[in-house]
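Trainee: Provided herewith is a single structure, encoded as structure tokens, for subsequent inquiry.
Residue numbers (the working numbering): 641 to 1125.
Given below as structure tokens:
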């Protein structure tokens, strides 16, 4: 009843905004031409965990459907974070359109950003869209005011119970279980949060089917973040003999403390130190299971969209806020600059979008925000720094970013350009260089090879340029004077 009342109360406002938009739209198009926008957002999902992309033995039939129906950007990145909760930075960039350190500057006052109409949803609301939200928010602003219709605003996932850390140990009883509801987490409230989000989304689509206004749906799963919980039937789909130990598995990462990913970090203490193949396999088993469970809810949402009659005029975007290591390089979390943690899945399905296509142009996941604004005929605001993907989706030979930047607190910096990746650990005064085009698993550090010093200096110089563009004030020259030209 509460949702229905909110729907009714917003009707007059939505109609008024739609009327205003018809006279002020930047492109002058008829309001009916504006597409619906369905944004589906995962939490902690690595780029490799889509079955159709062939990296991993994982069951994702509904995400596979999006791969077949649309275009996949295979090199979509998150810029990084100013703290251990990488999702906070990622989502603040997403909703404000600002690069990492500019987003950091407005984060303490992001509610004022919303009030000033500078949030993603606010731009679309002003353009006459019904805006809907359910799921993980994790932005310092009031979601119930940022969207017209809101259900179940979720926080970040609570910490594991004590028995959920430093596990499992082979040969010892495992006191924690992903499908025991007594451990709360995703089960808190009586129903798995991914299923609640599926319920919310299908319920809204049933209402949207009766309305003429275009909609913007922002559906943010907490999955597959830890505690990685799902019903037993999903865990049972992944017996340990099905789980492969990653080729770039390590028992311990040599710079974990210096890079800020040590034994006290929540993500890293999920498995015992040193890592074991058994512990990594169990953690990956639970990771795959919760992704497959989430995929089932996405299937429900896609069916509801089809049933609504709105499918043909809807653009669907699927991505995640960042990736996750889950045993690669001896790491469990996302607080690092390796591809498993900075790259995410990114699929686009929409009218005229090439089907079953892949594009390896480097992008940032936050490019979805200005892309949707262009679809809605909203001129890109001056403060929005990310770029629209529509030229790429229309087949244009463009490259918005000649290099990809990455940063994590004051402990890590990264730049990827021309097939190479340079990672810097200022505290350890250590550089690592990978030829990611030839070594995609980032297993051979080339930084110690004298023949590569010119490459390192070139990348270092580019990184300093990106720092200035990004508002990054970390003085790398103090830690790496030998790299200054």
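The beta-carbon is built from N, C-alpha and C at its ideal position, and this holds for glycine as well. Since this is a predicted model, take the numbers as computed values, not measurements.
Taking the alpha-carbon positions, what's the residue 1120 to residue 1062 distance?
Mentor: When rounded, the distance between both Cα atoms is 13 Å.
Trainee: Please check the pair residue 868 and residue 818, which I expect to be a contact at CB under 8 Å, by giving their CB distance rounded to whole angstroms.
Mentor: About 6 Å separates the two Cβ atoms, so the contact holds.
Trainee: Spatial neighbours of residue 835 within its chain, please: C-beta separation below 7 Å, excluding the five flanking residues on both sides.
Mentor: 937
Trainee: Three-state secondary structure (DSSP) at residue 1087?
Mentor: In this structure, residue 1087 counts as coil in the three-state DSSP scheme.
Trainee: Do residue 821 and residue 997 have their beta-carbon atoms positioned less than 8 Å apart in this structure?
Mentor: no
Trainee: Between residue 1003 and the rest of its own chain, which residues show a CB-CB distance below 6 Å, the 5 nearest in sequence each way excluded?
Mentor: 713 and 716
Trainee: Candidates 680, 848 and 708: which alpha carbon is nearest residue 994's?
Mentor: 708
Trainee: Answer yes or no: do residue 1043 and residue 1106 have a C-beta to C-beta separation smaller than 8 Å?
Mentor: yes
Trainee: By alpha-carbon positions, which one of 801, 1111, 1100 and 695 ends up nearest to residue 1118?
Mentor: 1100
Trainee: Cα separation between residue 870 and residue 700?
Mentor: 15 Å
Trainee: With distances taken between CB atoms, is the gap from residue 1033 to residue 1014 smaller than 8 Å?
Mentor: no
Trainee: Going by the DSSP bridge assignment, what does residue 1064 pair with across the sheet?
Mentor: Answer is 1053 and 1071.
Trainee: Count the other C-beta atoms from every protein chain shown that fall within 10 angstroms of the C-beta of residue 969, then say buried if there are 16 or more, exposed otherwise.
Mentor: buried
Trainee: Can you list, in chain order, the stretches of the beta strand (DSSP E) that have 3 or more residues and sit fully within the segment 936-999?
Mentor: 954-960, 986-989 and 997-999
Trainee: Cutting at 8 Å between CB atoms, please list the residues of its own chain near residue 951, excluding the five before and the five after it.
Mentor: 945
Trainee: Decide if residue 670 is buried, meaning its Cβ has at least 16 other Cβ atoms within 10 Å, or exposed.
Mentor: Confidence in residue 670 is poor, its pLDDT being 44 and thus under 50, which makes the residue's placement too unreliable to answer from.
Trainee: Assuming residue 991 contacts residue 748 (C-beta within less than 8 Å), just tell me the rounded distance between them.
Mentor: Their Cβ separation, rounded to whole angstroms, is 40 Å, which puts residue 991 and residue 748 out of contact at 8 Å.
Trainee: Please go through the same chain and pick out, in chain order, the residues whose beta-carbon is closer than 6 Å to the beta-carbon of residue 984, but skip the five residues on each side of it.
Mentor: 687, 716, 959, 960, 963 and 1005
Trainee: I need the DSSP call for residue 750, collapsed to helix, strand or coil.
Mentor: helix
Trainee: Name the DSSP bridge partner or partners of residue 1003?
Mentor: 716
Trainee: If you follow the beta strand (DSSP E) that residue 858 is part of, which residue opens it and which one closes it?
Mentor: First-last of the beta strand (DSSP E) with residue 858: 855-860.
Trainee: If we call anything under 8 Å between Cβ atoms a contact, is residue 720 one with residue 1035?
Mentor: Taking 8 Å as the Cβ cut-off, residue 720 and residue 1035 do not qualify as a contacting pair.
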